[in-house]
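Trainee: Taking this note's numbering, the leading residue of the sequence shown gets 180, the next gets one more, and so forth.
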Amino acid sequence: MSKPLIIITGASSGIGEATARLLSGLGYPLLLLARRLDRLEALDLPNTMCRKVDITDRIALLAAVAEGEAKYGPADAIVNNAGLMLLGDMTEQSPDEWDRMLDVNVKGLLNGIHAVVRNMVARRHGTIINVSSTSGRKTYPSHVAYVGTKHAVHALSENLREEVAPHNVRVTLIAPGACNTELQTITTNQSIKDGFKAWKESIGGVILQPEEVAETIRFAYEMPQNVCIREIMLASTNQTV
Ligand code: NDP
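1) Excluding the 5 residues flanking M402 on each side, which residues of the same chain have their C-beta closer than 7 angstroms to its C-beta?
2) Between the region 216–225 and the region 284–292, are three or more C-beta pairs nearer than 8 angstroms?
3) Could you give the residue range of the beta strand (DSSP E) that holds G305?
4) Quick check on P345: buried or exposed, where buried means 16 or more other Cβ atoms within 10 Å of its Cβ?
5) If you follow the beta strand (DSSP E) that I144 is part of, which residue opens it and which one closes it?
6) In terms of residues, what are the limits of the beta strand (DSSP E) holding V350?
7) Checking 8 angstroms against the spacing of the C-beta atoms, do I353 and A399 come in under that value?
8) What's the call for Q404, buried or exposed, on a 16-neighbour Cβ count within 10 Å?
9) Following the continuous alpha helix (DSSP H) through T395, name the residue where it begins and the one where it ends.
10) Where do the N-terminal and C-terminal ends of the alpha helix (DSSP H) with M280 fall, by residue?
11) Roughly how many angstroms separate the alpha carbons of G374 and N359, rounded to a whole number?
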């Protein structure tokens, strides 16, 4: 039997890219979304549609999902993975930075849910996988705004799960600790970036690899539809915080 469509946001690097490679290798048709279309297309995956979409642009996101579903059939899962982390102390951080994080990490993720949830409920089948963070449960220095966005992802995911569970739709939260991706590179405050590097060295340089998070996403999705993995928090064993 042919496999159903899976949508992945933020598939142009890191966890999203690793998840795209893994699920494609297992035979799933994919709709990959991100702003860097060249990076999506360079993956060169079979049965895959790549679209340049900023997930804060709800109209563009809905159009891409409609196009993907017209080609591959209804989406059985969405991995709402796109996100960004701009660390900073509230005494110094530009409000533009928390605006961007709230727009992408929270409102963009809600756009992803909006794009599929109604049809999943109507079909009584589907899985929404939201990528949060240990920052969705804990707090860290210089993380105020980012922690706020990820706590929001945790809270809205659990509330959504309660809402759609009676309709046989699953909501799964994946909450990784520090992972070896481009995420840490975009913080604009150099001393905070240096601090992250020093912390990483202090735990022996070993943090999660994106492939390990991708495998966790696959595991949760490939459980039978009657089993909802509500939440997985994972981090490198060395990570104490
Ligand atoms: P990367 O920076 O490697 O990947 C982020 C992805 O999000 C990119 O594909 C990027 O694509 C996409 N993205 C960012 N903004 C937008 C936007 N406006 N519209 C569409 N896509 C966007 O980091 P990770 O792989 O680490 O991050 C993936 C998720 O994992 C994030 O939600 C992050 O918060 C979470 N996470 C990461 C951890 C880590 O330590 N790395 C730990 C815990 C959680 P493009 O720039 O091409 O648009």
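Where is the CB? At the ideal position from N, CA and C, for every residue including glycine.
Mentor: Concretely, from the data shown:
1) Looking up residue 402 in the sequence shown gives position 223. Taken in chain order, the residues that qualify are I408.
2) no
3) Reading the sequence shown from its first residue, position 126 is the one you call residue 305. That run of the beta strand (DSSP E) goes 305–310.
4) As a position in the sequence shown, residue 345 is number 166, starting the count at 1. Exposed, by the Cβ-count rule.
5) Residue coverage of the chain in this structure runs from 180 to 420, which leaves residue 144 outside it and unanswerable.
6) Taking the first residue of the sequence shown as position 1, residue 350 is located at position 171. Here the beta strand (DSSP E) through V350 covers 348–355.
7) Within the sequence shown, residue 353 is the residue found at index 174, counting from 1. Within the sequence shown, residue 399 is the residue found at index 220, counting from 1. Contact flag set, yes.
8) Residue numbering aside, residue 404 sits at position 225 when the sequence shown is read from its first letter. Q404 comes out exposed.
9) Along the sequence shown, one-based indexing puts residue 395 at 216. Taken as a continuous stretch (DSSP letters only), the alpha helix (DSSP H) holding T395 covers 389–401.
10) For the purposes of this step, residue 280 is identified with residue 101 of the sequence shown, where counting begins at 1. 274–280 is the extent of the alpha helix (DSSP H) around M280.
11) As a working mapping, residue 374 is identified with position 195 in the sequence shown. As a working mapping, residue 359 is identified with position 180 in the sequence shown. So the alpha carbons of these two residues sit roughly 16 angstroms apart.
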